[in-house]
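Residue numbers (my numbering): 547 to 1035. Worksheet for the structure shown next.
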Amino acid sequence: MNITDYTAVELARKIKAGEIKVIEAVDAVLEQIEALEDSYHSYVTVDAEGARKAALEVQEKIDQGILTGPLAGVPIAVKDNICTSGLKTTCSSKILYNFVPPYDADVVDRLKAEGMVIVGKTNMDEFAMGSTTETSAFGETKNPWNPDHVPGGSSGGSCSAVAAQEAICALGSDTGGSIRQPSSFCGVTGIKPTYGTISRYGLIAYGSSLDQIGPIAKDVTDCAVMLSVLAGHDPKDSTSVQREDYDFASALVDDVKGMRIGMPRGYYGEGLDPEVKQAIFAAAEQLKAKGAVVEEFDLGLVDYAIPAYYVIASAEASSNLARFDGVKYGYRTEEYEGLHNMYKKTRSEGFGPEVKRRIMLGSFVLSSGYYDAYYLKALRTKALIKKEFDKAFERYDMILAPAAPTTAPRLGESLKNPLQMYLGDIYTISVNLAGLPGISVPCGVDSKGLPIGMQLIGDCFQEKKLIQAAYSFEQTRPYVKCPGAVIER
547 MNITDYTAVE
557 LARKIKAGEI
567 KVIEAVDAVL
577 EQIEALEDSY
587 HSYVTVDAEG
597 ARKAALEVQE
607 KIDQGILTGP
617 LAGVPIAVKD
627 NICTSGLKTT
637 CSSKILYNFV
647 PPYDADVVDR
657 LKAEGMVIVG
667 KTNMDEFAMG
677 STTETSAFGE
687 TKNPWNPDHV
697 PGGSSGGSCS
707 AVAAQEAICA
717 LGSDTGGSIR
727 QPSSFCGVTG
737 IKPTYGTISR
747 YGLIAYGSSL
757 DQIGPIAKDV
767 TDCAVMLSVL
777 AGHDPKDSTS
787 VQREDYDFAS
797 ALVDDVKGMR
807 IGMPRGYYGE
817 GLDPEVKQAI
827 FAAAEQLKAK
837 GAVVEEFDLG
847 LVDYAIPAYY
857 VIASAEASSN
867 LARFDGVKYG
877 YRTEEYEGLH
887 NMYKKTRSEG
897 FGPEVKRRIM
907 LGSFVLSSGY
917 YDAYYLKALR
927 TKALIKKEFD
937 KAFERYDMIL
947 APAAPTTAPR
957 LGESLKNPLQ
967 MYLGDIYTIS
977 VNLAGLPGIS
987 VPCGVDSKGL
997 PIGMQLIGDC
1007 FQEKKLIQAA
1017 YSFEQTRPYV
1027 KCPGAVIER
């Protein structure tokens, strides 16, 4: 068995037992990156020197008994919108092409305190705006299951890296499905926790009321253990929540007897690929066979989620991205006349088409004549969507849904029709609007050999129920290794 075949928890156990050295684990991942990165382009920056140096330091602390956590010594990749001190953080945008943060994000501090080793920063849709990882200024990422297809987005680089075993596990961020949808496309597992569970300090903002960092890994166990490491109250983030219990790994129990699971009828109608539908219903049958109560129900306001999301997210993006002006950091145009001309030229040259589209939409819905008609109405709709979920969770422990309406589309298809790309988020965005937790777990492969993911959605702070149900389902099927992760050794 190759080192990169291990899950994060398995690898950490081997390291703790002295069977594998941390430097060996890091070298195995770097070897995988060297062999496959030209094919998939999962990374923007690979920090081989920094990772090897950190590996030796971590090994020393493990040997001394200082680092005893369940993930000590495990190599990890970090999405390129999460600040890493001394390591380039670009958001896959030309406007931040040379930005090196002077500080670590809270989650990066937690990874380092655990003894995890950062091997690099993963590619993403520019400023997390997109569903395919094709809007990156540094080139598209490809799906390791089939390089003619997208890996999903915006955390496509992180999901692609885990699928191709170019990282043992990774961090992503989820504003409207950006962890769950690419996890589905790449055949890996990803969790978007309840809003406020993981600190956003050091996450370069897209939509501040929607963004949430989360773990991406091979299986539910790794994700649960990573979530325990990442979660916690942070006084530096005003939206950070103090929770009583952060031991998510204790929910890794194979038991769904009596769990009530709802399947919204509106999610299984027009637009859903028949093979995806078949795989989700087969998963429902597996959960039923293990003792869960699964039934269909009506979830209101499903049709309003996409317009509400894109109005709110674009409004917040236009405000958040105003800081990138060429004055303090990042890209600055070479020739300009006066300050205002410098702003305009820098932003015109520095931002890509999708980011410009969303900034313009956001500025429009926030403008004085249209604020009430669009932005305020979207906020009211958001509150109504949350009420619909509240009603659903009075009857059900969780909701079972597809993570995406199709498997991974071919490269270039989505960019031809941005509206079609936006509709691809139909099953994930309402979770962010309501601040709920969600998990995407592989549940099959279609006739083209592309992975299918199912999504479990829970009420606020009910991650443990989701982890328990996802873990129980996972026990019914073997882990399917991505064929694109195999290299000749």
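The C-beta atom is built at its ideal place from N, Cα and C for all residues, glycine as well.
DSSP bridge partner residues for residue i (one or two, in chain order)
i	result
Tyr882	Bridge partners of Tyr882: none, in fact.
Leu1002	Leu946 and Ile985
Ser700	Looking at the DSSP assignment, Ser700 forms no beta bridge with any residue, so it has no partner.
Asn689	Asn692
Gln758	Asp720
Thr668	Tyr589 and Lys625
Val766	Val766 pairs with nothing; no bridge assigned.
Gly736	Ile762 and Ser986
Arg956	His695
Cys715	Ile622
Pro997	Val991
Val663	Pro621
Leu749	Ile628
Straight-line Cα distance separating residue j from residue i
i	j	result
Ser986	Glu606	36 angstroms
Asp800	Arg903	46 angstroms
Gln1008	Met944	9 angstroms
Thr550	Ala618	16 angstroms
Gly676	Ile725	12 angstroms
Lys890	Ala797	51 angstroms
Leu969	Ile852	7 angstroms
Leu749	Val646	14 angstroms
Lys562	Val555	11 angstroms
Cys637	Gly804	44 angstroms
Val802	Leu818	27 angstroms
Asp765	Thr553	7 angstroms
Asp871	Lys658	32 angstroms
Ala1082	Thr1022	Missing from the structure shown is residue 1082; the chain here goes from 547 to 1035 and no further.
Ser585	Pro693	7 angstroms
Gly564	Gly736	29 angstroms
Ser774	Ala674	25 angstroms
Asp936	Gly898	38 angstroms
Ser993	Tyr882	54 angstroms
Leu602	Met662	12 angstroms
Asp768	Ile975	24 angstroms
Ala707	Arg811	34 angstroms
Tyr752	Cys629	14 angstroms
Glu895	Pro983	37 angstroms
Met906	Ala919	16 angstroms
Asn689	Glu580	17 angstroms
Glu583	Ala558	24 angstroms
Residue i beta carbon near the ligand PLP (any heavy atom closer than 7 angstroms)
i	result
Ser774	Here there are no bound small molecules, and the ligand PLP is not part of this structure.
Buried or exposed by the 16-neighbour rule on C-beta atoms within 10 Å, applied to residue i
i	result
Ser960	buried
Leu922	exposed
Lys782	exposed
Thr679	buried
Lys1027	exposed
Asp671	buried
His587	buried
Arg941	exposed
Ile612	exposed
Gln610	exposed
Gln711	buried
Lys1010	buried
Asp720	buried
Gln1014	buried
Glu1034	exposed
Arg956	exposed
Ala1031	buried
From the options, residue whose alpha carbon lies closest to that of residue i
i	options	result
Ala868	Ser909, Ala838 and Gly884	Ser909
Cys705	Ile744, Ser730, Pro1029 and Phe673	Ser730
Lys738	Ile759, Tyr752, Ser754 and Tyr1025	Ile759
Gly698	Ala954, Lys567 and Ser894	Ala954
Leu756	Ala825, Ala709 and Ala861	Ala861
Leu833	Met1000, Leu613, Gly703 and Lys933	Met1000
Tyr875	Lys634, Ala594 and Asp609	Lys634
Val1045	Asn669, Ile931, Lys599 and Ser701	The structure shown does not extend to residue 1045, since the chain is modelled only from 547 through 1035, so no value can be given for it.
Ile664	Leu582, Ser639 and Leu576	Leu576
Ala838	Gly808, Val590, Tyr877 and Ala601	Gly808
Thr743	Phe827, Gln788, Ile931 and Ile566	Gln788
Tyr747	Ala597, Gly778 and Phe939	Gly778
Phe794	Pro761, Ser786, Pro810 and Glu821	Pro761
Glu821	Lys567, Ala950, Ala938 and Thr785	Ala950
Legend entry - Continuous beta strand (DSSP E) assignments of at least 3 residues falling wholly in the segment 774 to 806: none
Legend entry - alpha helix (DSSP H) segments (min. 4 residues) lying fully within the segment 805 to 873: 820 to 835 and 851 to 866
Inset, instruction - Note down, one range per segment and in chain order, each beta strand (DSSP E) of at least 3 residues found wholly within the segment 572 to 645. - result: 589 to 592 and 621 to 625
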